[in-house]
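Chains as they are written, first to last, in the numbering used here: chain A, 1 to 139; chain Z, 1001 to 1139. Even glycine gets a Cβ: it sits at the ideal position worked out from N, Cα and C.
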DNA sequence: GTTGACCCTGTAAATAGTACAGGGTTTATA
DNA sequence: TATAAACCCTGTACTATTTACAGGGTCAAC
């Protein structure tokens, strides 16, 4: 029986073997046919779908969002607008995450700088900062 | 009995009420004393600790890492070096996340651009991109 | 005295997987 | 041909970090 085994498709698509079972459970992919021994045999189309999932995950889409995208894929002609809306929303989220991380990085940077300067004292400015900062404020 | 209730400390520290129970379970904070009715009563020291956790979480430390940091806090004099090492490592991780997100953003941007230009065609370039990209490659 | 706001517990959900036990199959090699 | 390695199967439980919910108790105010 031709087709790809679980590990083959996992390798080809850059996902973990167990994730395939998980995607099947979450109904992102159809249950593939089995050999007499019960081994899953994936088609090349399955692999395309799985790469689709993987790529969208890499772009920060959740599995639920990917499910939506795949449903849209069925009716391609009407889908572009919907996809565009989702993509723009996702871009906004990514932007926000970048802003958050940059603020994090800046803070860490300042703390590390302070810490490096305070080698001679016995107090750790990083730990002090963690303690004193009030919730609302960014450190 | 003086002290802070769950919701008070949650408000003061900017965390969810339920998280306090979780932190207790995960042994990041000691079980606080209770009133006769069994209500948790947090001290101001508890609040400091909880703010510490919250702030460190905001900087991307996991609860396990925060536990380590809090153990270091006990022996402040010897701790600064260890904390510095952890902080530098965390900064590296944050940097990597920023790089990843920027690459994501760029890709999304390109796809959105393409999609906007192809209003007249019936094909959605975003979906196409997801399909054709090979795993290793960034889209 | 009763309503509403708070507290308690244990449990289950959500995110997206990973890991492991206990078994079957297939392939390669000695 | 035997057996060992490398794969596959299932179900279940675990990771991390909350959040939610059911079913009940308590407290303050009106």
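For a Cβ distance threshold of 7 Å, residue set 87 of chain A lies close to residue 1111 of chain Z, ordered along the chain. Chain order gives no chain A residues near residue 1017 of chain Z, where near means a beta carbon separation below 9 Å; the closest approach is about 14 Å. Chain Z places a beta carbon closer than 8 Å to that of residue 90 of chain A, counting this residue as a contact. Taking C-beta atoms as the reference points, residue 1027 of chain Z and residue 108 of chain A fail to come closer than 8 Å.
Around residue 108 of chain A, the beta-carbon contacts reaching into chain Z at under 9 Å are 1059, 1060, 1087, 1088, 1090, 1091 and 1094.
Neighbourhood of residue 101 of chain A in chain Z, by CB distance below 9 Å: 1060, 1094, 1095, 1097, 1098 and 1101, in chain order. At a cut-off of 8 Å between beta carbons, residue 84 of chain A contacts chain Z.
Scanning chain Z for C-beta atoms nearer than 8 Å to the C-beta of residue 105 of chain A yields 1091, 1094, 1095 and 1098, reported in chain order. For the 8 Å CB-CB criterion, residue 9 of chain A and residue 54 of chain A do not form a contact.
Residue ranges of uninterrupted alpha helix (DSSP H) with 4 or more members, entirely inside the stretch 1041-1128 of chain Z and ordered along the chain, are 1044-1058, 1063-1074 and 1076-1117. In the DSSP annotation of this structure, the continuous segment of the alpha helix (DSSP H) that includes residue 1006 of chain Z starts and ends at 1006-1013. In this structure, the alpha-carbon of residue 68 of chain A lies about 12 Å from that of residue 52 of chain A. Between residue 57 of chain A and residue 6 of chain A a beta carbon distance of about 18 Å is seen, past the 8 Å cut, so the two are scored as non-contacting.
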